[in-house]
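The sequence shown lines up with residues 5 to 271 when you count with the working numbering. Backbone N, C-alpha and C define an ideal beta-carbon position, used for all residues, glycine too. To start, the structure itself, in structure tokens.
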Amino acid sequence: LLPDDFIVSINHRERRVASAELVHFGTTTTITLPNIGPAAPTSTPGAISPDSRVFVLAIDDASFATGAMRPALLAAQRFLRNLRPADMAGVYRFPYEPPQVDITHDHEAVARSLDGPHGRREDRIDAFALRPSEIIDITAGDNDVVQRVARRECSPDDGNCPGIIRSEASMAAAYYETDAAQRLYSLGALIQDLGRLPGHKNVILISGGLLATNRVGGRPDVRGFMTRLGEQAARANVTTYVLHMDDTFNELTSVARPPRRDRKSTR
């Protein structure tokens, strides 16, 4: 195969392939890892083969309700059990677990660590059933959205209701910004410490997603956190793959969905 036999695109724009090289795996030479000290969260068996690939499964526990991520974890276990013997893997659960990951050649042990309960998302119970898009629009100063929510949620004679809606949208946005900051900081800590290991590393992020916007004035706004995370990944020679598990439909029909107060029937 020659360079012209490949097609590479970035952001849907085709790029020219300058060279193509066949890489053979199976060498037995090893290199010794640097001493990274006891404070670092990353530990290894002490050596990485030059033909080893390093994979870390980053589990975003705060984005999933309990039990909702089981299908993704089963897929992750199958992925781990199909790695080459020379490859190394580890699991990093965040943001509630201690910041540590054991990177090892024992793929079966890593797969077993994915058994058991996962998912610790804390759902807000608010007075109004504000949709994510409404929180963003209201914090951006969209008065039409405030009035639409008021017609849906408030009694016609409640003149204070629109102001309360704005206040609740602001509090919800602040909550989601804090939640996102905590999760992205934990993910950044992993990426930064992986930079201590030689060579290229791969982080596979399993997440239920986070609420964010790029609308001017809208919140939650986490663009600064995302920019810094990308810079950390570039410095650490880390490629991040995201497996987004969208279970919105299941949540809407779940009997475990948190209740809300009906303001229209409240005096």
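{"Check": "Stretch-stretch touch, CB-based, cutoff 8 Å, three pairs: the stretch 125-138 with the stretch 89-106", "Outcome": "no"}
{"Check": "Gly234 - containing alpha helix (DSSP H), residue span", "Outcome": "Arg227 to Ala240"}
{"Check": "Residue-level contact to chain B via CB, Phe59, 8 Å cutoff", "Outcome": "Chain labels in this structure do not include chain B; a single protein chain is all it has."}
{"Check": "Rounded C-alpha distance that separates Glu157 from Tyr179", "Outcome": "21 Å"}
{"Check": "Assigned secondary structure, Arg135 (DSSP; H/G/I helix, E/B strand, else coil)", "Outcome": "coil"}
{"Check": "Limits of the alpha helix (DSSP H) - the one that Met249 falls within", "Outcome": "It is not in any alpha helix (DSSP H) - Met249 carries neither H nor E in the DSSP assignment."}
{"Check": "Selected residue, minimal CA-CA separation from His109, among Arg82, Arg57, Leu5 and Gly199", "Outcome": "Arg57"}
{"Check": "Sequence ranges, beta strand (DSSP E) only - wholly within the stretch 177-221, length at least 3", "Outcome": "205-211"}
{"Check": "Whole-angstrom C-beta distance between Ser159 and Pro103, which should lie under 8 Å", "Outcome": "That belief does not hold up - the Cβ atoms of Pro103 and Ser159 are roughly 48 Å apart, past 8 Å."}
{"Check": "Strand pairing of Val60, partner residues [DSSP]", "Outcome": "Gly94 and Val207"}
{"Check": "Candidates Ala24, Arg19 and Asp64, of which the one nearest Gly213 by Cα", "Outcome": "Asp64"}
{"Check": "Pairwise C-alpha distance: Arg223 and Ala176", "Outcome": "9 Å"}
{"Check": "Environment of Thr33 [buried if 16+ CB atoms lie within 10 Å]", "Outcome": "Unreliable positioning characterises Thr33 in this predicted model, as indicated by a pLDDT of 39, which lies under 50. The coordinate reading is nonetheless provided below. Exposed, since its Cβ has fewer than 16 Cβ neighbours within 10 Å."}
{"Check": "Reduced DSSP secondary structure (H/G/I, E/B, other) of Val12", "Outcome": "strand"}
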